[in-house]
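Numbering (this note's numbering), first residue to last: 41 to 428.
Next comes the structure, spelled out in structure tokens:
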């Protein structure tokens with residue numbers, strides 16, 4: 041009988057397998073369809089790095105996990121570890137048919153950052169196991185993105201994430217790019233666990249798609265190298281992330297849905313990357329119990345990813361929020377963009393005897409309240425002023 045974890049692993053396999061199997065043999069360009077907005081430009085030149093970087097950022101902790109005890113899961117993990125390394129080699133080797141664009145247009149900066157996030161999340165499997173030539177190629181590819189100027193919004197975190205990966209790779213890195221991103225986002229903190237995406241606040245899910253996960257991952261890699269802003273800053277960032285994770289959990293309806301608010305809804309389950317990351321790190325707030333979050337996330341995962349039309353006949357993701365809905369895709373969305381959905385799977389990087397998987401299932405907040413059951417009152421996060 042399938043377990044909840046085995047259901048999650050099957051979602052991982054279904055999402056990642058087409059990308060990794062094609063890219064590992066340098067046939068991603070040949071096999072992957074490019075669905076896009078009718079007015080989208082140059083997506084064919086950027087979508088392949090999108091698919092690789094985003095897919096790997098979500099499955100990296102699972103690749104890093106030491107020896108799953110489940111036989112079929114272990115076999116799949118070993119297969120995907122091999123495919124992932126070959127994929128990274130393929131997309132960064134300039135002689136490969138699948139060598140990806142790291143310098144033209146703006147988009148590669150974003151997806152080099154997601155690839156960097158994968159490297160930081162799986163240093164043993166995705167960094168240490170690279171050949172000397174592949175290691176060199178990855179460093180050169182990441183450094184080449186410095187030619188791209190980031191937009192004045194969440195994009196400032198992309199150079200920071202890339203520099204953190206260069207630090208992990210043992211290459212020369214630029215702390216100033218990290219410092220700028222951190223200090224500017226501190227200026228954009230709006231309270232109650234929310235940052236604005238640039239100077240103006242917009243109601244969307246970018247706190248979970250990009251902002252708070254990249255802040256956490258960047259600080260995890262280079263936080264101990266120097267003092268960023270103030271001694272208490274890393275703890276403050278975690279407190280904010282915990283509050284935002286609580287908000288996202290409360291958004292999940294009894295039916296496993298959440299409000300379709302803001303841009304980039306085609307990232308689907310990527311909306312829950314932040315609570316997934318805190319579960320992976322063992323940093324959930326005490327108000328958010330592991331079994332409660334697992335139940336809520338499983339409901340969303342099955343509701344969205346099992347919807348007919350989510351995948352095409354060859355197994356590639358289709359543009360949509362729940363099913364195939366090309367109308368939901370903005371002009372920067374294409375097939376590769378959609379693989380940010382994999383980031384809901386981050387808790388698979390914890391062993392099955394850890395609290396996220398081992399604790400009993402519980403109804404999540406909205407399910408309890410709409411059933412007439414008791415739940416604690418919601419509380420805003422007190423203002424936290426960080427001295428700069």
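Ideal Cβ positions, reconstructed from N, Cα and C, are used throughout, including at glycine. All values reported here derive from a predicted model rather than from experimental measurement.
DSSP places residue 76 in the strand class (E or B) of the three-state scheme. Rounded to whole angstroms, the gap between the alpha carbons of residue 300 and residue 256 is 25 Å.
Here the C-alpha atom of residue 408 lies approximately 37 Å from the C-alpha atom of residue 93. A residue is called buried once 16 or more other Cβ atoms fall within 10 Å of its Cβ, and residue 313 is buried on that count. Listed as beta-bridge partners of residue 374 by DSSP are 76. The residue from 185, 391, 308 and 276 with its alpha-carbon nearest to that of residue 373 is 308.
In this structure, DSSP gives residue 230 an extended state, which the three-state scheme calls strand.
DSSP lists no bridge partner for residue 182.
With fewer than 16 other CB atoms across the displayed protein chains lying within 10 angstroms of its CB, residue 145 is exposed. Taking the CA atoms as reference points, residue 330 sits about 10 Å from residue 316. Collapsing the DSSP output to three states places residue 320 in a helix.
Listed as beta-bridge partners of residue 351 by DSSP are 357. Counting only runs of 3 or more residues that sit fully inside the region 49 to 107, no beta strand (DSSP E) segment turns up. If you ignore the 5 residues before and after residue 45, its C-beta comes within less than 7 Å of the C-beta of 392 and 397, all in its own chain and listed in chain order.
Apart from sequence neighbours up to five positions away, the residues of its chain that approach residue 193 with a beta-carbon distance below 7 Å are 237 and 238, ordered along the chain. Relative to the Cα of residue 357, the nearest Cα in the group 43, 48 and 53 belongs to 53. Burial of residue 156 is indicated by the presence of at least 16 other C-beta atoms within 10 angstroms of its C-beta.
In this structure, residue 310 sits near residue 249, with a CB-CB distance shorter than 8 Å. Secondary structure of residue 235 (DSSP, three-state): strand. Beta-carbon to beta-carbon, residue 221 and residue 127 are separated by about 27 Å, too far to satisfy the 8 Å threshold. With respect to residue 143, residue 201 sits apart: the two C-beta atoms are not nearer than 8 Å. Taking all protein chains in view, the Cβ of residue 199 is crowded by 16 or more other Cβ atoms within 10 Å, so the residue is classified as buried. Counting only residues of its own chain and dropping the five nearest sequence neighbours on each side, residue 113 has a CB closer than 6 Å to the CB of 49. For residue 164, no alpha helix (DSSP H) segment is defined, and its DSSP state is neither H nor E. With respect to residue 90, residue 379 sits close: the two C-beta atoms are nearer than 8 Å. Straight-line spacing of the CA atoms in residue 335 and residue 158 works out to 26 Å. Membership of residue 204 in the alpha helix (DSSP H) is indicated by the continuous run 197 to 208. Assignment of residue 331 by DSSP, reduced to helix, strand and coil, places it in the helix class. The count of Cβ pairs closer than 8 Å, one atom from the region 343 to 363 and one from the region 261 to 277, stays below three, leaving the stretches out of contact. In chain order, 305, 306, 359, 360 and 361 place their CB closer than 7 Å to the CB of residue 368, counting only its own chain and leaving out the 5 sequence neighbours on each side. According to the DSSP assignment, residue 257 belongs to the alpha helix (DSSP H) that extends over 252 to 262.
In the displayed model, residue 247 falls within a helix according to three-state DSSP. Between residue 302 and residue 242, the C-beta spacing is below 8 Å.
Within 10 angstroms of the beta-carbon of residue 133 lie 16 or more other beta-carbons, which makes it buried. Rounded to the nearest whole angstrom, the C-alpha separation of residue 74 and residue 61 is 17 Å. Distance from the CA atom of residue 263 to the CA atom of residue 214, rounded to whole angstroms, is 14 Å.
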